[in-house]
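Colleague: First the structure, which I've put down as structure tokens, then a few questions once you've had a look.
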Amino acid sequence: MPRRVEEPPGDPGVERSSPLCHRYHGFVLGQCLALAFMPAGRARFGERAAGMREGLADLGLAAQAAWLPETPPEPGGASHAALLTRLLPYLSARSRELAEFAVLGGVLIHYGLVVADDPAAAAAILAEIDRLRATYDLPPIDPARLVIAAGERDADVVGPSLAYLREILLRLPSEPDTALVLIPSATGLADAYDRFARPALADCGYRAFRPWARFTPEDDAALTLALIDRSGFVWADVSDADPALFHAIGAAHALGRRSALVTRADRAAAAPSTLGGEPVIRYDPTDADWPASAVPLMAACLAALELAAERGERLRVTPGPIARVFDDVSHALRHVLLPAAIEAAEAAIADAGDPPPTARR
84 MPRRVEEPPG DPGVERSSPL CHRYHGFVLG QCLALAFMPA GRARFGERAA
134 GMREGLADLG LAAQAAWLPE TPPEPGGASH AALLTRLLPY LSARSRELAE
184 FAVLGGVLIH YGLVVADDPA AAAAILAEID RLRATYDLPP IDPARLVIAA
234 GERDADVVGP SLAYLREILL RLPSEPDTAL VLIPSATGLA DAYDRFARPA
284 LADCGYRAFR PWARFTPEDD AALTLALIDR SGFVWADVSD ADPALFHAIG
334 AAHALGRRSA LVTRADRAAA APSTLGGEPV IRYDPTDADW PASAVPLMAA
384 CLAALELAAE RGERLRVTPG PIARVFDDVS HALRHVLLPA AIEAAEAAIA
434 DAGDPPPTAR R
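Residue 298 in our numbering sits at position 215 of the sequence shown, and the numbers go up by one each step.
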């Protein structure tokens, strides 16, 4: 099991270094910023702006999230460049990789817009793309894939660059200590990430990572599959009974990723009690001691399940509230650990030359 998370001193919101987290966060942030200043991006501006604020907050940059415009800005490269220039030092302070992938996400969009009318600008952008490719050993890219025709729809604009992001992510080595947190972007669930999922996973040694952007179902599914493939653990909140989330959980199981499935207690009726044989654990944000009691109980459950898995066992747990699941796990774990302890003791006695207790008369 991964070691306990060590957060940077004085800034508990900052992720530990992770190419997977930083490349995704940076690329998608840069892309969404570019789309905010494009006519094709105006229809989904509110959704993307909300996602960018969540993503910046996850990076410890909630104050900088306030710089984002409240309404769709007038199209224009100068305004976009000014906002990106203002954000880049703060992104770079978190990670140079994070900042440079924000640049990459933006320039891939801009290349497709200017190539037909401004060859000089397009050539400069290609030079920057080639620099970033060489620096981070990125896959080759055909610039013709990025060309954006006049009047193209929002989804068509972002599709080619998102396909390239997936190639980038799949080139990375797996990160066993990264936990991918899948929480639908519904009212009342965002708080569960900061106050419940993130600290519980940190207590078990995982770095929590939440993808915040929403694209077409096809692009979302492809990106999520790549993120699952490169993460070590999956936490899924099924409170909204989202079919896309169920598919992601199935992919996680198929890829052999361990998982935690949770739901809000007041939405449990709509959620399944099990998925792929895994119990769905209920949490209740209305409890008087939320989340003080829920976090350590959930962390203990996860640690016990991990320990059993490392010993080749699978603990059978009844779906229900965290406290009951904790009792089930504690009881089941004793049956896993006690035989192992007896075997170890008998092996030690045998090594010392004495017959094991089971062989004595």
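Don't be surprised by glycine CBs; every beta carbon is placed ideally from N, CA and C.
#1: On the three-pair Cβ rule with 8 Å, is the region 153 to 163 touching the region 113 to 128?
#2: Taking the beta carbon of D302 as the centre, do at least 16 other beta carbons fall within 10 Å, making it buried, or is it exposed?
#3: Determine, using beta carbons only, whether R290 and L284 come nearer to each other than 9 Å.
#4: Going by beta carbon distance, what residues of the same chain come within less than 8 Å of D94, once the five residues before and after it are set aside?
#5: Just tell me which of A334, L181, P152 and P259 has its CA closest to the CA of V68.
#6: Should R106 and L252 be called a contact, given that it needs their Cβ atoms to be closer than 9 Å?
#7: Could you pull out every residue in the same chain whose Cβ sits closer than 7 Å to the Cβ of H108, ignoring the five residues on either side in sequence?
#8: Can you find at least 3 beta carbon pairs, one from the region 124 to 137 and one from the region 202 to 212, that sit closer than 8 Å?
#9: Quick check on DSSP: helix, strand or coil for E98?
#10: Short check: CB of G359 to CB of H336, under 9 Å?
#11: Please tell me whether V378 and R341 are closer than 9 Å, where the distance is taken between their beta carbons.
#12: Return helix, strand or coil for V111, following the three-state DSSP convention.
#13: Whose C-alpha, out of R214, P294 and P374, is nearest the C-alpha of P483?
#14: How would you label T401, buried or exposed, when you count the other beta carbons within 10 angstroms and need 16 or more for buried?
#15: Quick check: is any heavy atom of the ligand MN less than 8 Å from the C-beta of E393?
#16: Tell me whether T307 sits in a helix, a strand or coil according to DSSP, three-state version.
#17: Going by other Cβ atoms of all chains shown within 10 Å of its Cβ, with 16 needed for buried, is E187 buried or exposed?
#18: According to the neighbour-count rule (16 or more other Cβ atoms, all chains shown, within 10 Å of its Cβ), is E258 buried or exposed?
#19: For R399, which residues from the same chain have a beta carbon less than 7 Å from its beta carbon, with the 5 sequence-adjacent residues on both sides left out?
#20: Can you tell me which of E183, I212, L306 and S376 puts its alpha carbon nearest to the alpha carbon of G242?
#21: Taking the alpha helix (DSSP H) that D213 falls in, what are its first and last residues?
#22: Should A352 go down as buried or exposed, given a rule of 16 or more other Cβ atoms within 10 Å for buried?
#23: Is the beta carbon of G113 closer than 9 Å to that of A189?
#24: Find the nearest neighbour of S101 within the set E396, P404, L116 and R293, judged by alpha-carbon distance.
#25: Give the straight-line distance between the Cα atoms of L272 and P362, rounded to the nearest whole angstrom.
#26: Going by the DSSP bridge assignment, what does E258 pair with across the sheet?
#27: Output the distance between the C-alpha atoms of S322 and L209, rounded to the nearest integer angstrom.
#28: Along the chain, which unbroken stretches of the beta strand (DSSP E) at least 3 residues long are found entirely within the region 316 to 371?
#29: Quick check: the Cα distance between R446 and R417, rounded to an integer number of angstroms?
#30: Starting from the Cα of G333, find the closest Cα among R350, A304 and W150 and give me that residue.
Modeller: So, from the listed chains and residues:
#1: Segment contact: the region 153 to 163 against the region 113 to 128, three or more CB-CB distances shorter than 8 Å; contact assigned.
#2: As a first step, residue 302 is located in the sequence shown; it is residue number 219 there, counting from the start. With 16 or more other CB atoms across the displayed protein chains lying within 10 angstroms of its CB, D302 is buried.
#3: Here residue 290 refers to the residue found at position 207 of the sequence shown. Here residue 284 refers to the residue found at position 201 of the sequence shown. Yes.
#4: By 1-based counting over the sequence shown, the position of residue 94 is 11. Confidence is the limiting factor: at D94 the pLDDT is only 44, short of 50, which leaves the residue's position unreliable and the question unanswerable from this model.
#5: Residue 68 is absent from the structure shown; the chain starts at 84 and stops at 444.
#6: Mapped onto the sequence shown, residue 106 falls at position 23. Mapped onto the sequence shown, residue 252 falls at position 169. Yes.
#7: Translated into the one-based positions of the sequence shown, residue 108 becomes position 25. Cβ neighbours of H108 beyond the five flanking positions: G138, L142 and L181.
#8: Output reads no: the region 202 to 212 does not touch the region 124 to 137.
#9: Counting from 1 along the sequence shown, the entry for residue 98 is found at position 15. With a pLDDT of 46 at E98, under the threshold of 50, the modelled position of that residue is not reliable, and no figure is offered here.
#10: On the sequence shown, position 276 is the one that residue 359 refers to. On the sequence shown, position 253 is the one that residue 336 refers to. Yes. Within cutoff.
#11: Taking the first residue of the sequence shown as 1, we reach residue 378 at position 295. Taking the first residue of the sequence shown as 1, we reach residue 341 at position 258. V378 places its beta carbon 9 Å or farther from that of R341.
#12: For the purposes of this step, residue 111 is identified with residue 28 of the sequence shown, where counting begins at 1. Judged by DSSP in its simplified three-state form, V111 adopts helix.
#13: Outside the shown range of the chain (84 to 444) lies residue 483, about which nothing can therefore be said.
#14: The residue labelled residue 401 in the question sits at position 318 within the sequence shown. With fewer than 16 other CB atoms across the displayed protein chains lying within 10 angstroms of its CB, T401 is exposed.
#15: Inclusion of the ligand MN in the displayed structure is not the case, the ligand content being empty and no account of it being possible.
#16: Translated into the one-based positions of the sequence shown, residue 307 becomes position 224. Residue state, collapsed to three classes: helix.
#17: Position 104 of the sequence shown holds residue 187. What sits at residue 187 in the sequence shown is Leu, not Glu. Within 10 angstroms of the beta-carbon of L187 lie 16 or more other beta-carbons, which makes it buried.
#18: Indexing the sequence shown from 1 puts residue 258 at position 175. E258 is buried by the Cβ-count criterion.
#19: Working through the sequence shown from its first residue, we reach residue 399 at position 316. So the list reads A415, once near-sequence residues are dropped.
#20: In the sequence shown, counting from the first residue as 1, residue 242 sits at position 159. Nearest of E183, I212, L306 and S376 to G242, Cα basis: L306.
#21: In the sequence shown, counting from the first residue as 1, residue 213 sits at position 130. For D213, the enclosing alpha helix (DSSP H) covers residues P202 to Y219.
#22: Mapped onto the sequence shown, residue 352 falls at position 269. It is exposed - the Cβ of A352 has fewer than 16 other Cβ atoms within 10 Å.
#23: On the sequence shown, position 106 is the one that residue 189 refers to. On the sequence shown, position 30 is the one that residue 113 refers to. The identity of residue 189 in the sequence shown is Gly, whereas the question assumes Ala. Yes.
#24: The residue you call residue 101 lines up with position 18 of the sequence shown. When each option's Cα is compared against that of S101, the closest is R293.
#25: To locate residue 272, count along the sequence shown from 1; it is residue 189. To locate residue 362, count along the sequence shown from 1; it is residue 279. Rounded to the nearest angstrom, the two C-alpha atoms are 20 Å apart.
#26: Locating residue 258 in the sequence shown gives position 175, where the first residue counts as 1. Beta-bridge pairing links E258 to S314.
#27: For this step, residue 322 is matched to residue 239 along the sequence shown. For this step, residue 209 is matched to residue 126 along the sequence shown. Those two C-alpha atoms are separated by around 44 Å.
#28: With a minimum length of 3 residues, the continuous beta strand (DSSP E) runs that stay inside the region 316 to 371 are 341 to 347 and 361 to 366.
#29: No statement about residue 446 is possible, as the shown extent of the chain runs from 84 to 444 and does not include it.
#30: As a working note, residue 333 is residue 250 in the sequence shown. Closest by alpha carbon: A304.
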